[in-house]
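Step one of this worksheet: look at the structure below.
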Amino acid sequence: MFPKEVYWQRRNLLREMVGDGLILFPGNEESGMNYRANTYHYRQDSSFLYFFGINKPGFFGVCDVDSGKDTVYGDDFTIDDIIWMGQQPTVKELAADVAVDSTASVAALAEDLKSALQTGRKIHILPTYRGDQVIRLAALLGIQCEEVQKYFSEKLIGAVVKLRAVKDRYEIEEIEKVVDVAGLMHTTAMKMGFPGNFERELSGAIEGIALSHGGPVSFPVILSMDGQTLHNHYHGNELVEGRMVVCDAGAESEMCYASDITRTFPVGGKFSSQQKDIYNIVLAANTRTIEASVPGETYRDVHLMAAKIIAGGLKDLGIMKGDLDEAVAAGAHALFFPHGLGHMLGLDVHDMEGLGENYVGYTDTFKRSDQFGLAYLRMGRKLEPGFVITNEPGCYFIPDLIEQWKGEKKFEQFINYEKVETYLGFGGVRIEDDVLITDQGSRVLGTPIPKTVEEVEETMRK
Ligand code: GLY
Ligand code: MN
606 MFPKEVYWQR RNLLREMVGD GLILFPGNEE SGMNYRANTY HYRQDSSFLY
656 FFGINKPGFF GVCDVDSGKD TVYGDDFTID DIIWMGQQPT VKELAADVAV
706 DSTASVAALA EDLKSALQTG RKIHILPTYR GDQVIRLAAL LGIQCEEVQK
756 YFSEKLIGAV VKLRAVKDRY EIEEIEKVVD VAGLMHTTAM KMGFPGNFER
806 ELSGAIEGIA LSHGGPVSFP VILSMDGQTL HNHYHGNELV EGRMVVCDAG
856 AESEMCYASD ITRTFPVGGK FSSQQKDIYN IVLAANTRTI EASVPGETYR
906 DVHLMAAKII AGGLKDLGIM KGDLDEAVAA GAHALFFPHG LGHMLGLDVH
956 DMEGLGENYV GYTDTFKRSD QFGLAYLRMG RKLEPGFVIT NEPGCYFIPD
1006 LIEQWKGEKK FEQFINYEKV ETYLGFGGVR IEDDVLITDQ GSRVLGTPIP
1056 KTVEEVEETM RK
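Numbering (this note's numbering), first residue to last: 606 to 1067.
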């Protein structure tokens, strides 16, 4: 837990920003995998954690903006629970840890909400992403499930995004801890990256590292020789010489903060010259755009800078051609770099994505593009000190996309399809770091993880 004043301060700021009414945060329940009692790893809702900190199922938090009183609603564990789960703290004790004095049963919440509605008070809730949350909220508010969304409050979303986007020193410390765990995961994968091993052996080993450090992985491990598939969760291939492995993986801390790191390495430990060419283009995009990630810059411009570096490198190799500014403005580079440069990172690996990506990465006046490639940029707005973002450029040769664009003669003035076809079967390269925006510039979080060609090869030699 963070010091209890941290939670108190966050709720105070939130109440001020929201202005009036009741703010209702439903905590997450357990979720059954194949029957109710055989549950997935429990994951608390991130906004509930941020404001109320209790990492257990069965709780609601309410901030009464008009009176300034915060209440934790939950039921004390029964002797039956204690027999199966061991001794448990009381609701009062859990609430006290986050500076909340007022507690009540879940049954009392329905009554309190009913009387608030009867007196015409506003109830603010955040968008939901779990079906059972919708059902519980509908029951509490005495409405149909379809009507729950009427309570999604833009004012609350805006305030939560404003607060959660800027990380304090405790949060940065948490993220750095799990970047270091991710470092161990990635160097372990590299050291196992030899012919005869299966992808699943690498992914299993690194998932175990996350677990052994106290948290699960922060998202299902992406690890594949078919790195051209951006989120490849199939791990059944035997590693063969001549291919590269894209490994995109991170860990979650005990306080539920995420890391999200990607490294690409050659099976067998030595990059071919063709692999090195593409790798170094992506590396240049990564390192140069980290330097350009400073307060006041928009992440869309930083993304476009990465696109220009990649297009420039591909032009040097004869894969792209023509005027680079025109090519990037038209979106021709997106054949090779079809995703965004990065996203916010925090309690969620795509931080706050459940509240709506555009509320997090864009503003009322700074809108998301609908151009192919740029449209996938989750975070485009101006960078501010305290933001933690990922920087993850990539270059991929996606056979189906190449075939489609070639068939349409798309951007023939910028793309040399004959040359592109000599790269079919190449796969892809992605390199990703987690970056803190500081007052003056930016800082890559955690202990450096091998990244240059030489560092990766050296790690694999050990
Ligand atoms: N690490 C997966 C992603 O950023 O989408
Ligand atoms: Mn990422």
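By construction, the Cβ of each residue, glycine as well, lies at the ideal position given by its N, Cα and C atoms.
Fair warning: this is a prediction, and the values are worked out from it, not measured in the lab.
DSSP bridge partner residues for Ala863 (one or two, in chain order): Glu857
* **Presumed contact (8 Å Cβ cut-off) between Met769 and Tyr655, rounded CB distance** => According to the sequence shown, residue 769 is Arg rather than Met. Between Tyr655 and Arg769 the Cβ distance is about 6 Å, and since that is below 8 Å, they are a contact.
**Report entry** Best match in Thr792, Glu1059, Glu779, Leu629 for proximity to Ala715 [C-alpha to C-alpha]
**Finding:** Leu629
Complete beta strand (DSSP E) runs within the stretch 664-735 (minimum length 3 residues, chain order): 665-669, 675-678, 707-709
**Report entry** Proximity to Phe971 [Cα-Cα], best of Leu940, Thr903, Asp625
**Finding:** Thr903
- Query: CB Gly918 to CB Gly798, shorter than 8 Å?
  - Reply: no
*Roughly how many whole angstroms lie between the Cα atoms of Ala787 and Gln1045?*
26 Å
Take every Cβ of the stretch 674-693, pair it with every Cβ of the stretch 971-985, and state whether three or more of those distances are shorter than 8 Å. no
| Which whole-angstrom value is the C-beta distance of Ile814 and Cys1000, which I expect to be below 8 Å? | That pair is no contact at about 28 Å.
>> So, for Met860: in the same chain, excluding its five sequence neighbours on each side, which residues have a beta-carbon less than 7 Å away from its beta-carbon?
In response: Glu779
- the stretch 845-852 touching the stretch 814-824, judged by at least three CB pairs closer than 8 Å: no
- Message: Any heavy atom of the ligand GLY closer than 7 Å to the beta-carbon of His791?
- Response: no
Would you kindly work out how many angstroms separate the C-alpha atoms of Phe682 and Val711, rounded to a whole number? 13 Å
For this session: Can you grab the Cα-Cα spacing for the pair Arg641 / Glu635, in whole Å?
Result: 8 Å
Margin query: Closest to Asp773 by C-alpha separation, out of Gly951, Gly624, Met790, would be which residue?
Written below: Gly951
(Q) Taking the straight line between their C-alpha atoms, what separation do you get for Gly624 and Glu1013? (A) 53 Å
- Would you mind sorting Pro800 into buried or exposed? The rule is 16 or more other CB atoms within 10 Å of its CB. exposed
Cβ distance (whole Å) where Ser898 is taken to contact Leu988 below 8 Å: 6 Å
In terms of DSSP beta bridges, what is Val1040 paired with?
-> Ile994, Val1049
Requested in this report: Within the same chain, show all residues whose beta-carbon is closer than 8 Å to that of Glu610, passing over the 5 residues directly before and after it, in chain order.
Outcome: Ala704
Using CA atoms only, rank isn't needed, just tell me which of Gly632, Phe657, Met910, Gly1051 is closest to Ala856.
Gly1051
So Leu627 and Ala744 are supposed to be a Cβ contact under 8 Å. How far apart are they, rounded? Actually they are not in contact, since the Cβ atoms of Leu627 and Ala744 sit about 17 Å apart, beyond 8 Å.
query: Fully enclosed by the stretch 938-1010, which alpha helix (DSSP H) runs are 4 residues long or longer?
result: 962-966
Open item on the list: For Asp1038, which residues in the same chain have their Cβ closer than 6 Å to its Cβ, ignoring the five residues on either side in sequence?
Closed with: Asn996, Val1049
- Message: Give me, in chain order, the residues of the same chain whose beta-carbon lies closer than 7 Å to that of Val907; leave out the 5 immediate sequence neighbours on both sides.
- Response: Thr894, Ala897, Ser898, Leu946
### Query
Span of the alpha helix (DSSP H) holding Val611?
609-623
Distance cut-off 7 Å: Asp865 Cβ against heavy atoms of the ligand GLY
yes
- prompt: Who are Gly637's beta bridge partners in DSSP?
  reply: Thr644
- The alpha helix (DSSP H) spanning Ser808 covers which residue range? 804-817
Check your understanding: How would you call Leu929, buried or exposed, if buried means at least 16 neighbouring beta carbons within 10 angstroms?
Key -> buried
- Tell me whether Glu1013 counts as near the ligand MN, meaning its Cβ is closer than 7 Å to at least one heavy atom of that ligand. no
_With the cut-off set at 8 Å, would you say Leu940 and Ile1020 are in Cβ contact?_
yes
- Task: Give the straight-line distance between the Cα atoms of Lys1067 and Thr1057, rounded to the nearest whole angstrom.
- Result: 16 Å
- Message: Please identify the residue among Thr968, Ala937, Met830, Asp785 whose C-alpha is closest to the C-alpha of Leu807.
- Response: Met830
- prompt: Cβ atoms of Ala916 and His938: under 8 Å apart, would you say?
  reply: yes
- Cβ atoms of Gly632 and Phe665: under 8 Å apart, would you say? yes
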